[in-house]
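**Q** Residue numbers (the UniProt record's numbering), protein chains in the order written: chain A, 1 to 244; chain B, 1 to 244; chain C, 1 to 244; chain D, 1 to 244.
For each residue, glycine too, the CB sits at the ideal point set by N, CA and C.
Number of protein chains: 4
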Amino acid sequence: MSGLRVTVWNEGVHEAENDPPVMAEIYPEGIHGALAEGIRSELPTAAVRTALLADPEHGLTEEVLADTDVLLWWGHLAHGEVDAAVVDRVQRHVLGGMGLLVLHSGHFSQIFQRLLGTTCSLGWRDGAEQELVWTVAPHHPIAQGVPNPLVIPEQETYSEFFDIPAPDELIFLSSFDGGEVFRSGVTFFRGHGRIFYFSPGDQRYPVYHQPEIREIIANGIRWTAQPDRPRTPPEVAKLDRHWR
Amino acid sequence: MSGLRVTVWNEGVHEAENDPPVMAEIYPEGIHGALAEGIRSELPTAAVRTALLADPEHGLTEEVLADTDVLLWWGHLAHGEVDAAVVDRVQRHVLGGMGLLVLHSGHFSQIFQRLLGTTCSLGWRDGAEQELVWTVAPHHPIAQGVPNPLVIPEQETYSEFFDIPAPDELIFLSSFDGGEVFRSGVTFFRGHGRIFYFSPGDQRYPVYHQPEIREIIANGIRWTAQPDRPRTPPEVAKLDRHWR
Amino acid sequence: MSGLRVTVWNEGVHEAENDPPVMAEIYPEGIHGALAEGIRSELPTAAVRTALLADPEHGLTEEVLADTDVLLWWGHLAHGEVDAAVVDRVQRHVLGGMGLLVLHSGHFSQIFQRLLGTTCSLGWRDGAEQELVWTVAPHHPIAQGVPNPLVIPEQETYSEFFDIPAPDELIFLSSFDGGEVFRSGVTFFRGHGRIFYFSPGDQRYPVYHQPEIREIIANGIRWTAQPDRPRTPPEVAKLDRHWR
Amino acid sequence: MSGLRVTVWNEGVHEAENDPPVMAEIYPEGIHGALAEGIRSELPTAAVRTALLADPEHGLTEEVLADTDVLLWWGHLAHGEVDAAVVDRVQRHVLGGMGLLVLHSGHFSQIFQRLLGTTCSLGWRDGAEQELVWTVAPHHPIAQGVPNPLVIPEQETYSEFFDIPAPDELIFLSSFDGGEVFRSGVTFFRGHGRIFYFSPGDQRYPVYHQPEIREIIANGIRWTAQPDRPRTPPEVAKLDRHWR
């Protein structure tokens, strides 16, 4: 699976405003920069590009998506500023077979809500608490090599009820200091495409520099990628023959 | 479960145009009329109303939906004419706990696509062919009392690939004269709501007069109804305490 | 759903030995006695009987099972002493439509392993720690009326990886003081039968006296019961006709 | 994924008796021989061995299983003659991560029933009828390159209700001349292992020589294989620390 083409999308608003003020220190190249660096390190043959909300067409033109095997999505403050036409386009590519990794606060992105049909709401508290990520699907490729539990020293707390459809695969469950639990690693099949949602990672904590997190993201890219598939969404078909 | 409040929605375009010409003969009171009659017969205590595309707000005002335990949806020619604000409203009520039965060509309705996130496309051929409906979840309440297989003498043919997410429950599988197969009875949980898609039924065939079909629809209404649930969709929650 | 016939099975070994010594104090009528009392209180029309390992045929004769809508199973020390012929018989009744609630350390019972096909192993620690039970399927009948989270002050700790097949429905997730998580309320459909596994409850803690726990068990009984179903497991069928 | 170690198990009773009389003509090297030949052709780097009921320990010693990435299972007449200790051993290896492909009448094997917990019964008729295999999970690796539908000119008819748990993934649905439908390609995760059941193939028809069938079996081997996983089934774990 050499030469995967990966596009890391980030709204880039926290970075532009350096808010929170730790942002520039933790992610000097932006969250997209840290993600891209981790992917290049884990998947040396991958071709990684980044795209931002501020780019023309948010950097997600038809050409870019057609040249993308897996798209990562990170957003938080500006979900409403993403153009509906771009959401349509990304949805069409996912249904046609492009892999999609939705990260952390991307749970509230238009594209995630569009593909799942629910509010994608959850409970949250920001208190720099420990997150423990437990594997409940040890057979799954995304869980390979992951310690059980994986310890994230400081992280925003996410809690159930997480309003998503029952995932096609439940891979990781997290617990937090307050006793909260969260379905933190879940997959969905939609059309011809594969989606992996992974909740760890926040603008306040250096989670995307943690080696185990990078490994999970790399596993997720490998697992959602279908580089050999023609990029065609399912279509209505007028049946023109009988098979018996 | 007495006194369920059921709203039958129909676009009503075939009826208005008597196209196909058999329409007035098979469904003199409209598809909505036949559905309502069947429900009243099977669920004598239910309060059944009908609503049409041509009604103000398509007959689906906030008041009507708030007074509806289960909404049935039949549409075919005019999916694009349904106002987006009404689709938003129906989605919110489903996520809040209103039951939804989507019937036949309703697979291409905006509300079904919205709740599932996929194209909902399929293969089809109209040739008055026999449909056999097989039960693959005999434990399910919707399948109670249903013969295996159920024989529908004449029906439009629907075929895989049906572009839906893997259903939460697969209840019925159909086969057709040409050897096609179709996942004809499937359920989805979204938010607090329950959805049942059932494919038999078409403007050309008197399927909604068939007793077993009426029984399945009544089973589906009972199963999707949650009359005691407060109608509140999941919401984001700021956690204000620790549990340990 | 009046008059459900419920059989509470308990191995009764802890009770016979009063080991742990708190046993006689917490459960003077045995775990089966406390469960039966709770069910009678929550489901006043139910006919509740108890059965013990020490009874002839463990109290689970063909007659008893044929007269049982829902069987509860509690065991811990003596899983290996359950006669294989009784396990066969219970399995046959579950596949024929009898409801089964497997409780706590019953995860290691022969009948649970038999119906699931896996080791049903898990991680555990006994330290009188708090258990928080979170609802992740708010639409489910078993979750109706349950606080989120439900707090159990003291309980044995169970932890992932819990070696079960992916459940048909994931209803409850628990967390514990050490940060562990556990899929504590799960359902399985097998044959014509419905199974609910619920992990809270132990011989050292008065969990089965807690009102919310009693309510969940009553919900589970109502949900697994299929009193109107003929008690016939699926059988091989020689097809003697064509449907086309 | 070079060098997969594949063991093809066949009871070999039809072959020994040349009953049906076409057996020697269609499968002169036995069903196991035809399967092995197809695998060697599709997966040239695989090391393929065969094992028979008549072999000591049915050819499935601890050493053989420890040296097997994927086991194929074909049986029909002699399910009851398989030694329980061998079934235990195969189950342990599957739960530890060995891949398992169960073929056709293997649905009634002890190992399949053991891993699924149900009767695995179905409807059947032998009439040399056409089977159409439809893909309902086009995203799945096992479905890659498979025509939709795949046409098998002559085959035994299998029909629902197929008494299996809801599969973790439903990949193929078949229809037959009489209008029957069958879930013909399904996967299950059990413990650390992956199982693929595929129903086409019978002692009377040359199905295992058909190129598309060979391709599906090769896809199934690739997908169930986990050559890098330590072969350890899940075990109970006494937790010796707190994570918070």
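#1: What is the residue span of the beta strand (DSSP E) that Pro211(D) lies within?
#2: Using the Cα positions of Ala36(C) and Val94(C), report the straight-line distance between them to the nearest angstrom.
#3: Could you tell me how far apart the beta carbons of Gly220(C) and Leu101(C) are, in whole angstroms, since I believe they sit closer than 8 Å?
#4: To the nearest angstrom, report how far apart Ser105(B) and His76(B) are at their CA atoms.
#5: Buried or exposed, going by whether 16 or more other CB atoms sit within 10 Å of the CB of Ala51(B)?
#6: Please list, in chain order, the residues of the stretch 119-151 of chain C that have any C-beta partner in chain A closer than 8 Å.
#7: Using 10 angstroms around the beta-carbon of Thr232(C), count the other beta-carbons present and answer buried if the total reaches 16, otherwise exposed.
#8: Can the beta-carbon of Leu71(D) be found less than 9 Å from the beta-carbon of Gly99(D)?
#9: Is the CB-CB distance between Leu170(D) and Leu150(D) below 9 Å?
#10: For Tyr158(B), which residues of its own chain have a beta-carbon under 6 Å away from its beta-carbon, when the five flanking residues on both sides are left out?
#11: Look up Val102(B) in the DSSP assignment and give the residues it is bridged to.
#12: My output table needs one value for Ser121(D): the three-state DSSP class, helix, strand or coil.
#13: Do Ile195(A) and Ile152(A) have their beta-carbon atoms positioned less than 9 Å apart in this structure?
#14: Quick check: is the beta carbon of Glu212(C) nearer than 9 Å to any beta carbon in chain A?
#15: Kindly list, in the order they appear in chain C, the residues whose Cβ is closer than 8 Å to that of Asp96(B).
#16: Would DSSP call Arg5(B) helix, strand or coil?
#17: Which term fits Arg241(B), buried or exposed, when burial requires 16 or more other beta carbons within 10 angstroms of its beta carbon?
#18: For Tyr175(C), which beta-bridge partners are listed by DSSP?
#19: Got a sec: is the Cβ-Cβ distance from Pro227(C) to anything in chain B below 9 Å?
#20: Tell me, please, which residues DSSP counts as bridged to Asp202(D).
#21: Check whether the Cβ atoms of Ile164(B) and Glu42(B) lie closer than 9 Å to each other.
#22: Kindly list, in the order they appear in chain A, the residues whose Cβ is closer than 9 Å to that of Arg92(C).
#23: Assuming Gly97(A) and Gly193(A) make a contact with CB atoms under 8 Å, what is their CB distance in whole Å?
#24: Could you pull out every unbroken alpha helix (DSSP H) segment of at least 4 residues lying fully inside the UniProt region "Disordered" (225-244) of chain A, listed in chain order?
#25: Near Gly143(A), what residues of its chain come up, given a Cβ to Cβ distance below 7 Å and the 5 sequence neighbours on each side ignored?
#26: For Glu169(A), which beta-bridge partners are listed by DSSP?
#27: Quick check on DSSP: helix, strand or coil for Ser109(C)?
#28: Would Val236(B) be called buried (16 or more neighbouring beta carbons within 10 Å of its own) or exposed?
#29: Starting from the Cα of Ala78(D), find the closest Cα among Tyr197(D), Ala16(D), Glu180(D), Val6(D) and give me that residue.
#30: I want to verify the contact list: residues of chain A whose CB lies under 8 Å from the CB of His192(D), in sequence order.
#31: Assuming Asp83(B) contacts His58(B) (C-beta within less than 8 Å), just tell me the rounded distance between them.
#32: Cutting at 8 Å between CB atoms, please list the residues of its own chain near Glu215(D), excluding the five before and the five after it.
#33: Alpha carbon to alpha carbon, what distance is there between Glu129(C) and Phe108(D)?
#34: Who are the Cβ neighbours of Glu25(B) in its own chain at under 7 Å, not counting the five residues just before and after it?
#35: Let me confirm a value: Thr45(B) is counted as buried when at least 16 other C-beta atoms fall within 10 Å, else exposed. Which label applies?
#36: Can you find a C-beta in chain C that's less than 9 Å from the C-beta of His242(D)?
**A** Walking through what the data contain:
#1: Where Pro211(D) is concerned, there is no enclosing beta strand (DSSP E), although the alpha helix (DSSP H) it sits in stretches over 211-224.
#2: Per the coordinates, the alpha-carbon of Ala36(C) lies some 20 Å from the alpha-carbon of Val94(C).
#3: Gly220(C) to Leu101(C), Cβ: 5 Å. Contact.
#4: Between Ser105(B) and His76(B), the alpha-carbon positions lie close to 5 Å from each other.
#5: Ala51(B) counts as buried, since at least 16 other C-beta atoms from the protein chains shown sit within 10 angstroms of its C-beta.
#6: For the stretch 119-151 of chain C, the set of residues with a beta-carbon nearer than 8 Å to any beta-carbon of chain A comprises Gln130, Leu132, Trp134, Thr135, Val136, Ala137, Pro138, Asn148, Pro149, in chain order.
#7: Exposed.
#8: Taking 9 Å as the Cβ cut-off, Leu71(D) and Gly99(D) qualify as a contacting pair.
#9: Cβ atoms of Leu170(D) and Leu150(D): not closer than 9 Å.
#10: So the list reads Leu122, Trp124, Phe182, Ser199, once near-sequence residues are dropped.
#11: DSSP lists Trp73(B), Tyr197(B) as partners of Val102(B).
#12: Three-state DSSP puts Ser121(D) in coil, outside helix and strand.
#13: No, these two residues do not count as a Cβ contact at 9 Å.
#14: Judged by the 9 Å Cβ criterion, Glu212(C) is not in contact with chain A.
#15: Per the sequence presented here, residue 96(B) reads as Gly, with Asp not at that position. Correct list: empty, because the minimum Cβ distance to chain C is about 11 Å.
#16: Of the three classes helix, strand and coil, the one that applies to Arg5(B) here is strand, per DSSP.
#17: Around the CB of Arg241(B), fewer than 16 other CB atoms lie within 10 Å, so the residue is classed as exposed.
#18: Tyr is not the amino acid found at residue 175(C); the sequence shown has Ser there. The partner list for Ser175(C) (beta bridge, DSSP) reads Leu132(C), Val181(C).
#19: Chain B, which has no Cβ nearer than 9 Å to the Cβ of Pro227(C), makes this no.
#20: Beta-bridge pairing links Asp202(D) to Tyr205(D).
#21: Not in contact: Ile164(B) and Glu42(B) (Cβ atoms no closer than 9 Å).
#22: Close partners of Arg92(C) in chain A (Cβ separation under 9 Å) are lacking, with about 30 Å as the shortest Cβ gap.
#23: About 5 Å separates the two Cβ atoms, so the contact holds.
#24: Counting only runs of 4 or more, we get nothing.
#25: One detail in the question is off: residue 143(A) reads as Ala in this sequence, not Gly. The residues are Thr135, Ala137, Ile171.
#26: Looking at the DSSP assignment, Glu169(A) forms a beta bridge with Thr187(A).
#27: DSSP places Ser109(C) in coil when its eight states are reduced to three.
#28: By the neighbour-count criterion, in which a residue is buried when 16 or more other Cβ atoms sit within 10 angstroms of its Cβ, Val236(B) is exposed.
#29: Nearest C-alpha to Ala78(D) among Tyr197(D), Ala16(D), Glu180(D), Val6(D): Ala16(D).
#30: Simply Pro138, His139.
#31: Sure, about 7 Å apart at Cβ, within 8 Å.
#32: Around Glu215(D): Glu42, Gly145, Val146.
#33: Computed Cα separation, rounded: 45 Å.
#34: Cβ contact annotation for Glu25(B) (same chain, cutoff 7 Å, sequence separation greater than five): none.
#35: The Cβ neighbour count for Thr45(B), taken over all protein chains shown within 10 Å, is under 16; the residue is labelled exposed.
#36: Yes, its Cβ sits closer than 9 Å to a Cβ of chain C.
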